[in-house]
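Here's the structure we're looking at; comments come further down.
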Amino acid sequence: MNIHIIGGGNLGVAIALGISKYTIGNQVVLTRRNAAAIAYLEEEGIKVSSDNTQDIEQADIIILTVKPYQVESVLQEIAPKIQQKTIASAVSGVSVETLSAAVGISHAIVRIMPNIAIQFGESATCIAFEGKDKEAAQKVISIFQQLGTAPVIEEKLMDAATVLGACGTAYALRYIRASMQAGIEIGFDSQTALAIAAQTAKGAARMLLEEKIHPEQLIDRVTTPQGCTIVGLNEMEHQGFSSSLIKGIKTSLQKIKE
Ligand SMILES: NC(=O)c1ccc[n+]([C@@H]2O[C@H](COP(=O)([O-])OP(=O)(O)OC[C@H]3O[C@@H](n4cnc5c(N)ncnc54)[C@H](OP(=O)(O)O)[C@@H]3O)[C@@H](O)[C@H]2O)c1
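Take a look at the structure:
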């Protein structure tokens with residue numbers, strides 16, 4: 001497929017790299033006004049341009065990765081050049097209805113919420129669409145399934161997906177950073193502490209995904225009665241570990257809805 005990504009920033013670049021590295025037979029065009037900043041991607045086989053309409057007639061899927069306040073002008077710019085396209089928008093907080101009104105109802109609109117781990121084929125990309133666009137959405141789902149997981153959700157949960165799946169990357173990284181800081185305090189140099197903390201988090205996540213069980217069942221396997229793990233875990237909970245995470249996630253959701 002020809003995949004045309006508009007908005008070559010953090011997410012646009014990550015998606016372009018993910019598609020070029022982890023899917024087969026897809027050509028990517030990536031645009032941003034300052035195209036020179038992403039010229040290095042040409043070496044990865046990604047076509048880079050400052051012209052949003054370049055080769056857009058050939059696009060099978062158009063992916064939008066601009067900021068919410070930039071999306072309307074981008075859609076006005078491309079609308080006259082496209083007919084009956086599939087548009088996948090990663091723009092947070094902008095509904096299918098708004099996108100459809102801006103670009104025209106002849107297009108299939110799919111909302112996607114990836115995270116930047118898509119660059120390594122490890123995103124949890126939530127996807128929402130209206131019933132009439134089911135067939136077009138399937139093309140989008142098939143791409144994102146190759147780049148991690150791609151659960152289909154109701155559109156009303158898109159803000160929640162943004163917080164849990166996209167902002168969630170930052171929360172997970174902060175957990176790893178805190179573990180690293182503690183690791184230094186208990187004797188490791190920073191690089192060793194980071195390597196141990198990151199791999200341990202990756203291993204824990206993989207066990208959950210492979211075994212498809214509740215985290216507490218795995219925690220039971222690690223906690224010896226009266227041992228060092230349970231006292232540490234309980235101290236973390238006394239200090240508000242789970243509570244602060246839940247409050248943070250709910251605060252992010254409130255902010256998105258403002
Ligand atoms: N970052 C994430 O983890 C993440 C995750 C999920 C969803 N999102 C959503 O994805 C969108 C992009 O986020 P981001 O973090 O990637 O932002 P970003 O780094 O600021 O990227 C936006 C890009 O859009 C380009 N742009 C702006 N106006 C343009 C135009 N008229 N034509 C073509 N390109 C244009 C900008 O480059 P120029 O100024 O050079 O044009 C910039 O590189 C947001 O709506 C965000 O909510 C982000």
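For the sequence shown, position 201 matches number 201 in UniProt numbering, and the numbering has no gaps at all.
Note that CB positions come from ideal geometry on N, CA and C, so glycine has one too.
Note that the structure is predicted; figures quoted are calculated from it, not measured.
Residues bridged to LEU30 [DSSP beta-bridge criterion]: LEU30 pairs with ILE5, VAL48.
- request: Name the two residues that bound the continuous beta strand (DSSP E) containing PHE129.
  value: PHE129: member of the beta strand (DSSP E) spanning 126-129, first to last residue.
query: What did DSSP end up calling ILE152 once you bin it into helix, strand or coil?
result: Per the sequence shown, residue 152 should be read as Val rather than Ile. Strand at VAL152.
message: Does the beta-carbon of PRO151, which I'm using as the reference point, lie nearer than 7 Å to any heavy atom of ligand 1?
response: No, Cβ of PRO151 sits at least 7 Å from all heavy atoms of ligand 1.
task: Using DSSP bridges, identify the partner residues of MET113.
output: Answer is CYS126, bridged to MET113.
- prompt: Exposed or buried, VAL74, counting other C-beta atoms within 10 Å across all chains shown (16 or more means buried)?
  reply: Burial state of VAL74 is buried, judged by a 10 Å Cβ sphere holding 16 or more other Cβ atoms.
message: What does DSSP give as the partner residue(s) for SER89 in the beta ladder?
response: According to DSSP, which records beta bridges pairwise, SER89 is partnered with LEU64, ARG111.
- prompt: Looking at the structure shown, is VAL94 part of a helix, part of a strand, or coil, going by DSSP?
  reply: Residue state, collapsed to three classes: coil.
message: Could you check whether the Cβ of GLN70 sits closer than 7 Å to any heavy atom belonging to ligand 1?
response: Yes, the Cβ of GLN70 comes within 7 Å of a heavy atom of ligand 1.
- prompt: Taking DSSP as the reference, what is the three-state secondary structure of PRO225?
  reply: PRO225 falls in the coil class under three-state DSSP.
task: For ARG32, count neighbouring C-beta atoms within 10 Å of its own C-beta (all shown protein chains included) and say buried if the count is 16 or more, exposed if not.
output: Here ARG32 is buried. Its C-beta has 16 or more other C-beta atoms within 10 Å.
query: If you check the beta carbons only, do ILE6 and ILE62 fall under 8 Å apart?
result: With contacts defined by Cβ atoms closer than 8 Å, ILE6 and ILE62 form a contacting pair.
message: Can you look up SER106 in the DSSP assignment and give me helix, strand or coil?
response: In the three-state reduction of the DSSP assignment, SER106 falls in the coil class, being assigned neither a helical nor a strand state.
Closest by C-alpha distance to ALA178, when choosing among ILE256, SER89, LEU194, TYR40: Answer by Cα proximity: LEU194.
task: Identify, in the order they occur along the chain, each residue of the same chain with its Cβ nearer than 7 Å to the Cβ of GLY104, setting aside the five sequence neighbours on each side.
output: Listed in chain order, the non-local C-beta contacts of GLY104 below 7 Å within the same chain comprise ALA79, local neighbours out to five positions each way being set aside.
query: To the nearest whole angstrom, what separates the beta carbons of ALA90 and HIS4, a pair I think is in contact under 8 Å?
result: Contact doesn't hold; Cβ gap of about 13 Å is too wide.
message: ligand 1 and VAL28: does any heavy atom of the ligand fall closer than 7 Å to the residue's C-beta?
response: Incorrect: VAL28 has no Cβ contact closer than 7 Å to ligand 1.
Distance between beta carbons of ILE38 and VAL48, contact taken as under 8 Å: In this structure VAL48 is in contact with ILE38, their Cβ atoms being roughly 5 Å apart against a cut-off of 8 Å.
- request: Could you have a look at ILE38 and say whether DSSP puts it in helix, strand or coil?
  value: For ILE38, the secondary structure class from DSSP, reduced to helix, strand or coil, is helix.
- prompt: What residue does the alpha helix (DSSP H) around VAL163 start on, and which one ends it?
  reply: If you look at VAL163, you'll find it isn't in any alpha helix (DSSP H); DSSP assigns it neither H nor E.
- prompt: Between VAL94, PRO114, ILE87, GLY121, which lies nearest to SER106 when the distance is taken from Cα to Cα?
  reply: Minimum Cα distance to SER106 is reached at ILE87.
- prompt: Taking 7 Å as the cut-off, is the CB of ILE6 close to at least one heavy atom of ligand 1?
  reply: Yes.
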